[in-house]
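Data first, discussion second: the structure below is written as structure tokens.
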Amino acid sequence: MEKHEQTKALVMIFPISKGDFQSAGEASSEIKNKLLQLGFPGNLIRRVAIATYEAEMNLVIHSDGGKIRAEINPDAIFIEVTDEGPGIPNLHMAMQEGFSTASEEVREMGFGAGMGLPNMRSCASKFEIVSVVGKGTTIKMVIS
Amino acid sequence: MNSYFHSVTIQKELCKGCTNCIKHCPTEAIRVREGEAKIINERCIDCGECIRICPQHAKLAITDDLEQLSKYKFPIALPAPSLYAQFDSSYTVNQILTGLLELGFYRVYEVAYGAEFVSRAINYHLKNHFFPKPAISSACPAVLRLIQVKFPELINNLIPIKSPMETTALIVREIMKKEGYSPEQVGIFFISPCAAKVTAVKNSLVSAASLIDGVISISSIYGDLLSKLKVIKDTDTPNLRKATGAGLGWAITGGESRLLKGIRRLNVDGITNVNKVFEEVVMGKLKDVDFIEGLACTGGCVGGPLTVENPFMAKERIHCMLNEERGEIPELPDRPNYKDLMWEKEIKSLGVLRLDDDIVMAMQKMEIMEILHKNLPGLDCGSCGAPTCRALAEDIVRGQADEVDCIFKLREKVTYLAEKMVEISSKMPPSLGKKEKE
Chain G
806 MEKHEQTKAL VMIFPISKGD FQSAGEASSE IKNKLLQLGF PGNLIRRVAI
856 ATYEAEMNLV IHSDGGKIRA EINPDAIFIE VTDEGPGIPN LHMAMQEGFS
906 TASEEVREMG FGAGMGLPNM RSCASKFEIV SVVGKGTTIK MVIS
Chain X
59 MNSYFHSVTI QKELCKGCTN CIKHCPTEAI RVREGEAKII NERCIDCGEC
109 IRICPQHAKL AITDDLEQLS KYKFPIALPA PSLYAQFDSS YTVNQILTGL
159 LELGFYRVYE VAYGAEFVSR AINYHLKNHF FPKPAISSAC PAVLRLIQVK
209 FPELINNLIP IKSPMETTAL IVREIMKKEG YSPEQVGIFF ISPCAAKVTA
259 VKNSLVSAAS LIDGVISISS IYGDLLSKLK VIKDTDTPNL RKATGAGLGW
309 AITGGESRLL KGIRRLNVDG ITNVNKVFEE VVMGKLKDVD FIEGLACTGG
359 CVGGPLTVEN PFMAKERIHC MLNEERGEIP ELPDRPNYKD LMWEKEIKSL
409 GVLRLDDDIV MAMQKMEIME ILHKNLPGLD CGSCGAPTCR ALAEDIVRGQ
459 ADEVDCIFKL REKVTYLAEK MVEISSKMPP SLGKKEKE
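Here the protein sequences line up with chains G and X, keeping their order. Note that the first sequence ends on residue 949 in the numbering used here; no numbers are left out. Note that the second sequence ends on residue 496 in the numbering used here; no numbers are left out.
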């Protein structure tokens with residue numbers, strides 16, 4: 806096989822359904838295994854795995870459904886998480902550790918500790934979040 | 059990498075080329091080629107799953123035998139505590155230890171005793187060192203290899219302390235040296251329930267060189283030992299026991315973790331379960347767990363592939379013994395201490411699952427692999443000799459398999475060729491096929 810001048814990024818898209826606790830973790834697991842096969846360092850794999858898992862859980866718990874797009878480049882992993890609502894009314898609060906709007910039911914399952922977004926931010930080299938109430942939330946992360 | 063030694067091997071004359079083993083291997087380390095199972099050595103973690111599943115009993119763990127004892131003037135037995143669980147409860151531990159002497163060993167030292175020093179060192183480590191959570195037990199050699207092969211990102215979570223087997227060997231070497239025995243005349247043999255221990259001795263991940271000279275499987279000495287036991291009377295034998303229930307408990311799942319106080323512990327056994335739990339650790343899912351005891355075999359070491367008794371009965375026997383003994387680390391001599399038991403080297407990730415050493419090349423291969431995978435039937439039937447369609451796609455990009463190894467792909471091609479032949483056969487050369495005039 807010959808090397809191409811410009812490397813094409815590997816793109817994976819995972820649709821995530823609201824309330825689907827059963828399959829939560831599958832997307833992050835698949836991304837993690839791909840990165841291992843590609844030979845990325847352990848530390849980076851772990852950060853990507855944590856960030857995508859938190860994103861998956863956020864979509865399952867809070868959103869009306871959405872998707873995770875992972876773009877693997879040799880020097881960086883781009884992750885884009887988008888949903889179709891309901892949007893985060895107080896973004897500043899949501900970024901605080903321990904703040905959560907998860908329901909009692911979800912907390913009883915051991916989730917909703919209010920670490921999701923802060924965890925994602927700490928794993929990412931670059932982190933951007935835009936949320937519009939009634940429309941949805943988009944998170945963009947670069948992990949390198 | 060080609061010279062990587064490990065214990066589990068295939069007896070060619072027995073292997074039928076069925077695909078049972080390839081489906082049960084947690085690291086997808088087996089392929090069927092030319093009608094025989096072949097192990098990809100660097101991927102094998104010696105968990106013994108294939109030994110258990112093989113209907114032909116074609117999988118074998120390479121171990122030493124009692125004949126090796128004659129190489130040393132003073133052969134010493136280091137029995138794993140799981141040995142005790144192989145025999146009816148009417149036989150005492152002391153009878154079993156005496157039985158080993160009868161088999162030709164000069165002395166016997168319990169690995170359960172070394173385990174107590176290890177427990178003390180682990181407690182010290184967890185109290186005095188910063189460690190990434192959850193800390194992962196390094197007791198099971200198959201789990202160590204699982205992490206090296208499949209979860210390199212968890213290497214730093216491992217507790218860097220030597221195994222009870224190596225610790226006991228260290229203690230024995232010290233004792234023999236003090237008593238004036240010349241080291242080369244002393245041969246230390248581990249009596250093992252486990253194939254991965256053989257590999258850990260011959261190819262240590264964490265020591266410069268193992269202090270063990272040979273590994274003998276429990277199953278290979280079981281018959282001889284049992285016949286000795288029948289004639290040994292417990293009342294006639296001096297006490298050879300040094301370990302308490304603390305060390306003994308290491309034979310079963312949870313035996314190590316119950317000695318760690320004040321932390322949240324999670325016990326997992328069975329290599330598939332350990333694999334699943336590690337996946338969750340990587341995702342950051344198990345935030346409130348401080349320590350994971352992961353053991354490859356069901357029930358713990360008593361479920362090892364080189365044992366005789368079924369793991370549930372064996373576990374029950376250890377439980378019965380523990381009921382009589384306390385679960386606290388006893389008073390022990392100062393040495394070997396925490397420092398003496400630290401790993402001598404760090405575990406290195408070997409990247410054995412990598413598609414290519416170069417990330418860009420690996421990405422190109424993965425892209426092709428994805429396309430190949432999509433075109434395969436997705437039945438994971440194993441007829442191609444790879445465990446899944448994905449694994450076949452991977453083997454193809456690695457240049458180790460061909461698309462028509464898939465019987466469905468082969469059939470597609472044959473159908474295409476057959477259709478082409480029919481099509482061609484209906485064509486007439488211009489010089490033939492003259493229409494008859496009416």
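Built from N, CA and C at the ideal position, the CB exists for glycine as well.
- Put simply, the CB of P192 of chain X is far from chain G, with every gap to its CB atoms at 9 Å or more.
- Boundaries of the alpha helix (DSSP H) harbouring F466 of chain X: 465–483, taken from the DSSP string.
- In the displayed model, M400 of chain X falls within a strand according to three-state DSSP.
- In this structure, the beta-carbon distance from S833 of chain G to M341 of chain X falls below 9 Å.
- Sequence-distant partners of N78 of chain X (beyond 5 residues in either direction) whose C-beta falls short of 7 Å from its own C-beta, in its chain, are I111, C112, P113.
- For the pair V937 of chain G and I194 of chain X, the Cα-to-Cα distance works out to about 42 Å.
- Along the length of the segment 191–272 of chain X, whole alpha helix (DSSP H) runs at least 4 residues long occupy 199–208, 222–236, 254–260, reported in chain order.
- The Cβ of L204 of chain X sits no closer than 9 Å to any Cβ of chain G.
- Judged by DSSP secondary structure, V418 of chain X falls within the alpha helix (DSSP H) whose first and last residues are 417–433.
- Taking C-alpha positions only, I405 of chain X is separated from H187 of chain X by approximately 19 Å.
- By the beta-carbon neighbour count (other beta carbons within 10 angstroms, threshold 16), D392 of chain X is exposed.
- S930 of chain G sits in coil when the DSSP states are folded into three classes, being neither helix nor strand.
- Shown here, N78 of chain X sits in a helix according to DSSP, grouped into three states.
- For Q144 of chain X, the closest C-alpha among the options X:S407, X:G328, X:D348, X:L287 is that of X:L287.
- Listed as beta-bridge partners of P820 of chain G by DSSP are G:K872.
- Considering only X:G305, X:L408, X:N297, X:M379, the residue with the shortest C-alpha distance to R165 of chain X is X:N297.
- The secondary-structure analysis by DSSP pairs K945 of chain G across a beta bridge with G:E885, G:E933.
- Counting the other Cβ atoms within 10 Å of the Cβ of G357 of chain X gives 16 or more, which makes it buried.
- Taking 9 Å as the Cβ-Cβ cut-off, the segment 204–230 of chain X approaches chain G at K208, F209, P210, E211, L212, I213, N214, given in chain order.
- When the five nearest sequence neighbours on each side are left out, the beta carbons in the same chain lying within less than 6 Å of the beta carbon of V335 of chain X are those of V326, in order along the chain.
- Counting C-beta pairs with one atom in each stretch, the segment 865–876 of chain G and the segment 814–831 of chain G have three or more that are closer than 8 Å, which means they touch.
- Contact between E224 of chain X and L390 of chain X fails: their C-beta atoms lie close to 17 Å from each other, not under 8 Å.
- Contact with chain X is found for A854 of chain G, since one of that chain's Cβ atoms lies less than 9 Å from the residue's Cβ.
- Annotation for E351 of chain X: no alpha helix (DSSP H) segment contains it, though the beta strand (DSSP E) segment containing it runs 349–353.
- Taking a beta-carbon distance threshold of 9 Å, F932 of chain G does not count as an interface residue toward chain X.
- Across the structure, I310 of chain X and L475 of chain X are spaced so that their CA atoms are roughly 59 Å apart.
- One alpha carbon belongs to D463 of chain X, the other to G93 of chain X, and they sit about 13 Å apart.
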